[in-house]
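Asks:
Protein chains: 2
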Amino acid sequence: MSDTVKILLPETEMPKQWYNINADLPVPLAPVLHPVTHKPVGPDDLAPLFPMAVIEQEMSTERNIDIPDPVREVYRQWRPSPLFRARRLEKALNTPARIYYKYEGVSPAGSHKPNTAIAQAFYNKAEGVKRITTETGAGQWGSSLALAGAMFDLEIEVFMVKVSFNQKPYRRAFMESFGATCTASPSNLTAAGRAILADNPDSTGSLGIAISEAVELAVQRDDTKYALGSVLNHVLLHQTIAGIEARRQLEMVDDYPDMVIGCTGGGSNFAGIAFPFLGEQLRGGKAVEFIAVEPASCPTLTQGKFAYDWGDTAHMTPLTKMHTLGSAFVPPGFHAGGLRYHGMAPQISHLTDLGYIKPRAYGQLECFAAGLEFARAEGIIPAPEANHAVKATIDEAIRCRETGESKALLFNLCGHGNFDMQAYTDYLAGKLKEEDASAAEQSMALAGLPSVAGL
Amino acid sequence: MSDTVKILLPETEMPKQWYNINADLPVPLAPVLHPVTHKPVGPDDLAPLFPMAVIEQEMSTERNIDIPDPVREVYRQWRPSPLFRARRLEKALNTPARIYYKYEGVSPAGSHKPNTAIAQAFYNKAEGVKRITTETGAGQWGSSLALAGAMFDLEIEVFMVKVSFNQKPYRRAFMESFGATCTASPSNLTAAGRAILADNPDSTGSLGIAISEAVELAVQRDDTKYALGSVLNHVLLHQTIAGIEARRQLEMVDDYPDMVIGCTGGGSNFAGIAFPFLGEQLRGGKAVEFIAVEPASCPTLTQGKFAYDWGDTAHMTPLTKMHTLGSAFVPPGFHAGGLRYHGMAPQISHLTDLGYIKPRAYGQLECFAAGLEFARAEGIIPAPEANHAVKATIDEAIRCRETGESKALLFNLCGHGNFDMQAYTDYLAGKLKEEDASAAEQSMALAGLPSVAGL
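Just so you know, the sequences run in chain order F and L. Residue 1 is where the first sequence starts when you use full-length UniProt numbering, and the numbers rise one by one after that. Residue 1 is where the second sequence starts when you use full-length UniProt numbering, and the numbers rise one by one after that.
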């Protein structure tokens with residue numbers, strides 16, 4: 001048998017702390033602003049939505065933050081996750097590159113999302129919260145929070161964008177299997193939902209509407225909070241366990257990446273794999289290339305503006321400085337549902353603006369082709385989102401073949417595609433096409449950015 | 001953090017041999033008979049269907065059979081699979097029992113089936129075969145062979161029962177993603193299929209018809225063989241890697257099972273977890289209770305006859321002595337598609353007849369309820385088939401609570417339910433009912449058994 005392909009950390013070596021990149025930023029993040037006063041928000045402004053422990057993490061500049069034992073007890077069901085050396089893919093590509101992938105699809109929800117869902121559920125439970133509301137688009141996040149709710153005995157109420165609710169009944173069944181409630185949004189449960197339905201009874205919903213419904217329910221009751229699955233600092237923090245594990249796993253085979261690659265929607269899986277290595281670099285360690293890969297049809301980092309914007313379409317959230325296509329931007333219905341967000345995590349936007357992260361965009365057809373090439377070599381069908389990272393990795397491996405360089409490429413395989421076989425069905429049947437937003441649509445959405453005086 | 005929940009073997013300790021229970025049987029198996037002559041079949045009779053290495057394994061009485069290195073190289077992508085101590089479930093049940101489950105859902109196809117698919121693909125490739133045909137019902141086996149075909153560069157042609165082909169388009173997409181061909185059966189590709197369609201153009205197919213189509217194509221061309229996913233000795237042999245790993249993993253925590261539990265359709269996942277322990281017992285080791293759990297609606301071991309029967313409805317296969325409901329028996333359309341077979345592996349039938357294995361049957365509603373109880377404690381939604389093993393384990397754990405005994409219970413969680421969410425959707429919506437075959441239907445099917453002189 002040839003050399004190791006699966007690099008495992010024993011359960012006893014699961015990281016005990018997350019890594020907070022705010023501790024090492026050469027320039028601090030721009031402040032988050034209140035949507036009305038445009039003054040920096042404080043913990044009290046966020047208290048109706050999040051438990052205080054989460055708000056502290058959101059604002060912390062402490063480098064290493066302890067992972068509570070009850071969170072690690074749930075994590076260990078699938079963590080430490082495996083790091084794979086993609087020897088079969090390397091052979092198929094005839095590349096001198098050393099390709100590694102961190103596989104987060106081993107979680108019970110099939111993606112990286114439980115890393116933060118479990119943590120958020122724990123902090124809510126610890127502060128006496130009984131119920132958490134959230135929104136979900138394609139269903140990955142809702143499924144993960146439903147799982148977390150079952151682990152910590154919390155009611156989970158998920159507003160699922162109606163078009164996905166109808167198209168993906170299995171996602172709803174997954175959430176309900178864990179005891180969560182899943183409601184099609186817009187719904188009659190909230191004033192926000194009722195207002196939309198009064199205006200348009202046939203509305204198929206949007207992530208913006210679903211957020212409004214979830215937030216409305218959360219602020220109504222003292223025993224209820226809200227949870228978000230990406231974008232915010234504390235979410236990215238919770239995902240860093242993947243990169244910390246990967247660093248240790250690479251040490252076990254005496255290697256270190258030359259390039260770290262992840263797909264970016266809200267940014268949390270990319271941050272999870274990249275920040276622990278980027279932190280080393282910021283503290284004087286080895287310089288690494290960090291490649292954030294996004295869909296050409298929602299090109300937040302490559303085409304968006306680095307500016308203050310709202311997180312939601314209804315403009316209820318604080319303003320954050322980020323790469324954005326404008327909160328009015330509606331991405332086309334391409335198949336990587338987890339990458340359809342108009343904004344980008346402020347930390348990733350900031351580090352991209354500072355030149356540490358290089359963004360890149362690909363069309364969905366070339367990504368599906370890369371995903372199938374990967375599947376046939378490595379045996380795992382990637383989630384459509386993860387195909388973007390696969391595509392960039394294959395391109396870099398081919399570049400190595402051409403230049404003869406033996407680079408170490410590390411990417412985050414953030415989830416499997418087993419829940420996304422409709423996308424592959426459509427791709428294999430030749431029914432998918434590139435769906436880029438027009439330049440006119442993009443500039444119109446950007447025209448709606450808020451004007452924030454003096455910033 | 002409390003004690004270990006996930007017991008991992010390092011890749012370097014992956015078993016190098018499968019265990020063949022034929023070496024330790026106190027009474028040898030009854031011979032397999034030619035369907036026409038009723039004489040014992042020899043290797044040449046099977047040569048048109050299987051590669052010679054597989055036929056040798058089918059007939060071998062050697063105790064330990066080497067796993068070829070190229071098979072281990074693919075296995076190690078997910079093997080050794082984890083053994084879990086179900087501490088959260090134990091707590092929820094307030095039981096003194098120590099519950100362990102071997103989790104085979106970590107394979108890329110989500111079940112134990114690749115353990116034999118990879119091996120069979122390797123042996124076919126080694127003997128110059130270019131194409132393998134097979135049938136699939138619910139799609140688990142077809143998916144696994146498709147994966148194996150991609151790993152060993154073989155054409156895979158799957159005949160999928162038409163009703164499932166239409167109901168489960170994602171399974172087809174999964175197979176096609178790995179480059180396999182998936183055809184609805186009955187089809188126009190074979191004489192067998194065309195005959196059925198001429199008679200009944202609206203036929204929704206059956207496993208028996210699909211087998212006939214796959215076998216017909218396999219015997220037509222020298223470069224083509226056929227593969228079966230359960231029942232036969234060599235298939236059960238390949239699955240023993242699960243039990244061998246589990247035994248070593250239990251050693252790591254200084255434990256040994258009092259009871260081993262698995263669900264039984266054709267019998268391969270049960271054999272995989274049970275035979276390595278049963279072999280120890282047969283060689284004078286500790287006596288263990290072995291519980292084979294089947295659906296009440298296809299009660300092969302608990303209600304069937306131990307007699308010679310055909311493996312297929314068209315009576316093209318050899319005759320084997322096994323527990324059977326009669327090859328004409330058509331099980332009702334309950335949701336554990338992998339357990340809908342009229343017969344049972346001859347090795348399991350034989351060992352049940354000898355008293356070493358205790359069969360037990362449950363209805364599907366109580367199994368789904370057990371599956372959800374497990375999911376909410378352990379975070380994994382089991383496949384509907386595996387729910388039968390979960391149900392028996394929970395029952396035994398509750399019995400331990402009542403008696404105060406601290407037994408070690410080991411079961412095989414042979415697959416996850418992520419591809420079976422329609423079943424959970426139906427269960428949660430209250431749409432499932434018990435679908436038992438009537439006594440009259442059962443006795444009618446048994447009346448069709450062949451009369452085999454002198455046996």
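We put the beta carbon where it would ideally sit given N, CA and C, even for glycine. As the structure is a computational prediction, the values presented were derived from the model and not from experiment.
Could one say the Cβ of E176 of chain F lies closer than 9 Å to chain L's Cβ atoms, at least one of them?
Replies: Closer than 9 Å: yes.
Asks: Based on Cα-Cα distance, which residue from F:K6, F:N20, F:A97, F:Y75 lies nearest to D395 of chain F?
Replies: Out of F:K6, F:N20, F:A97, F:Y75, F:A97 has the C-alpha closest to the C-alpha of D395 of chain F.
Asks: On the CB-based measure, 16 or more other CB atoms within 10 Å of its CB, does N188 of chain L come out buried or exposed?
Replies: It is exposed - the Cβ of N188 of chain L has fewer than 16 other Cβ atoms within 10 Å.
Asks: Thinking just about the alpha-carbon of each residue, which of L:N94, L:G243, L:N387, L:G266 is nearest to the one in L232 of chain L?
Replies: Among L:N94, L:G243, L:N387, L:G266, the Cα nearest to that of L232 of chain L belongs to L:G266.
Asks: Please state whether DSSP places E13 of chain L in a helix, a strand or coil.
Replies: Helix at E13 of chain L.
Asks: Mapping the DSSP letters down to three states, classify C263 of chain F as helix, strand or coil.
Replies: Strand, per DSSP.
Asks: Could you compute how far the alpha carbon of A119 of chain L sits from the alpha carbon of M52 of chain L?
Replies: A119 of chain L and M52 of chain L: Cα-Cα distance of roughly 13 Å.
Asks: Report, in whole angstroms, the separation of the C-beta atoms of A389 of chain F and G262 of chain F, which I expect to be a contact under 8 Å.
Replies: About 5 Å separates the two Cβ atoms, so the contact holds.
Asks: Here's the rule: buried if 16 or more other CB atoms are within 10 angstroms of the residue's CB, otherwise exposed. What is S327 of chain L?
Replies: Result: buried.
Asks: Please list the segments of the alpha helix (DSSP H) lying wholly inside the region 52-131 of chain F, counting only runs of 4 or more residues, in order along the chain.
Replies: The region 52-131 of chain F contains these whole alpha helix (DSSP H) runs: 52-59, 69-75, 87-93, 114-126.
Asks: What span of residues does the beta strand (DSSP E) with S327 of chain F cover, start to end?
Replies: Where S327 of chain F is concerned, there is no enclosing beta strand (DSSP E), given that its DSSP letter is neither H nor E.
Asks: Please confirm whether A173 of chain F and Q422 of chain L have their CB atoms less than 9 Å apart.
Replies: Result yes, Cβ atoms of A173 of chain F and Q422 of chain L sit closer than 9 Å.
Asks: On the premise that W310 of chain F lies in contact with T317 of chain F, defined as a C-beta separation below 8 Å, what is that separation, rounded to the nearest angstrom?
Replies: Yes, they are in contact, since the Cβ atoms of T317 of chain F and W310 of chain F sit about 5 Å apart, within 8 Å.
Asks: Interface residues of chain F around T4 of chain L at Cβ under 9 Å?
Replies: Chain F residues near T4 of chain L: E11, T12, R76.
Asks: According to DSSP, simplified to helix, strand and coil, what is E385 of chain F?
Replies: E385 of chain F falls in the helix class under three-state DSSP.
Asks: For the 8 Å Cβ check, are there 3 or more pairs between the region 410-424 of chain F and the region 99-111 of chain F?
Replies: Yes: at least three Cβ pairs fall under 8 Å.
Asks: What in chain L is Cβ-close to R376 of chain F, meaning under 7 Å?
Replies: Going along chain L in sequence order, the residues near R376 of chain F (Cβ under 7 Å) are A150, F178, G179.
Asks: Would the region 347-358 of chain L count as touching the region 270-284 of chain L if we require 3 or more Cβ pairs under 8 Å?
Replies: At 8 Å Cβ cutoff, the stretches touch.
Asks: Within 9 Å of any Cβ in chain F, is that where the Cβ of M421 of chain L sits?
Replies: It does; some Cβ of chain F falls within 9 Å.
Asks: Using the Cα positions of L89 of chain L and I398 of chain L, report the straight-line distance between them to the nearest angstrom.
Replies: Looking at the two C-alpha atoms, the distance is approximately 11 Å.
Asks: Is the separation between the beta-carbon of R85 of chain L and that of K6 of chain L shorter than 9 Å?
Replies: Result yes, Cβ atoms of R85 of chain L and K6 of chain L sit closer than 9 Å.
Asks: Name the one or two DSSP bridge partners that L226 of chain L has.
Replies: Looking at the sequence itself, residue 226 of chain L is Tyr, so the reference to Leu does not match. Partner(s): L:T133.
Asks: By Cβ distance below 6 Å, which residues in the same chain neighbour E289 of chain F in space, the five residues on each side in sequence not counted?
Replies: Closer than 6 Å at Cβ, skipping near neighbours: M259.
Asks: Can you pull the DSSP bridge partners for A184 of chain F?
Replies: Paired residue(s): F:M160.
Asks: Identify each residue in the region 370-397 of chain F for which the Cβ-Cβ distance to at least one residue of chain L is less than 9 Å, and report them in chain order.
Replies: Listed by position along the chain: G371, L372, A375, R376, A377, E378, G379, I380, I381.
Asks: At what residues does the beta strand (DSSP E) containing D309 of chain L begin and finish?
Replies: Per DSSP, D309 of chain L belongs to the beta strand (DSSP E) from 305-310.
Asks: Please decide whether Y101 of chain F counts as near chain L, where near means a Cβ-Cβ distance under 9 Å.
Replies: No, no contact with chain L.
Asks: If you pair each beta-carbon of the region 215-227 of chain F with each one of the region 40-49 of chain F, do three or more pairs fall below 8 Å?
Replies: These segments touch.
Asks: Rounded to the nearest angstrom, what separates K321 of chain F and G343 of chain F at their Cα positions?
Replies: Approximately 9 Å, taken between the alpha carbons.
Asks: Along the beta strand (DSSP E) that carries E294 of chain F, what are the first and last residues, could you check?
Replies: Segment 289-295, the beta strand (DSSP E) holding E294 of chain F.
Asks: Can you look up P43 of chain L in the DSSP assignment and give me helix, strand or coil?
Replies: Three-state DSSP puts P43 of chain L in a helix.
Asks: When the Cα atoms are used, what is the spatial distance from H34 of chain L to P40 of chain L?
Replies: Taking the straight line from one Cα to the other gives about 6 Å.
Asks: May I have the straight-line CA-CA distance separating D222 of chain F from L432 of chain F, to the nearest angstrom?
Replies: Going by the C-alpha atoms only, they are around 46 Å apart.
Asks: Just the Cα atoms here: how many angstroms apart are G454 of chain L and A195 of chain L?
Replies: Because the pLDDT of G454 of chain L is 47, which lies under 50, any placement of that residue in the model is unreliable, and the number read from its coordinates should be weighed accordingly. Taking the straight line joining both Cα atoms gives about 35 Å.
Asks: How would you label D44 of chain F, buried or exposed, when you count the other beta carbons within 10 angstroms and need 16 or more for buried?
Replies: Classification of D44 of chain F: exposed, given that the 10 Å Cβ count is below 16.
Asks: Does DSSP put L33 of chain F in a helix, in a strand, or in coil?
Replies: Three-state result, L33 of chain F: strand.
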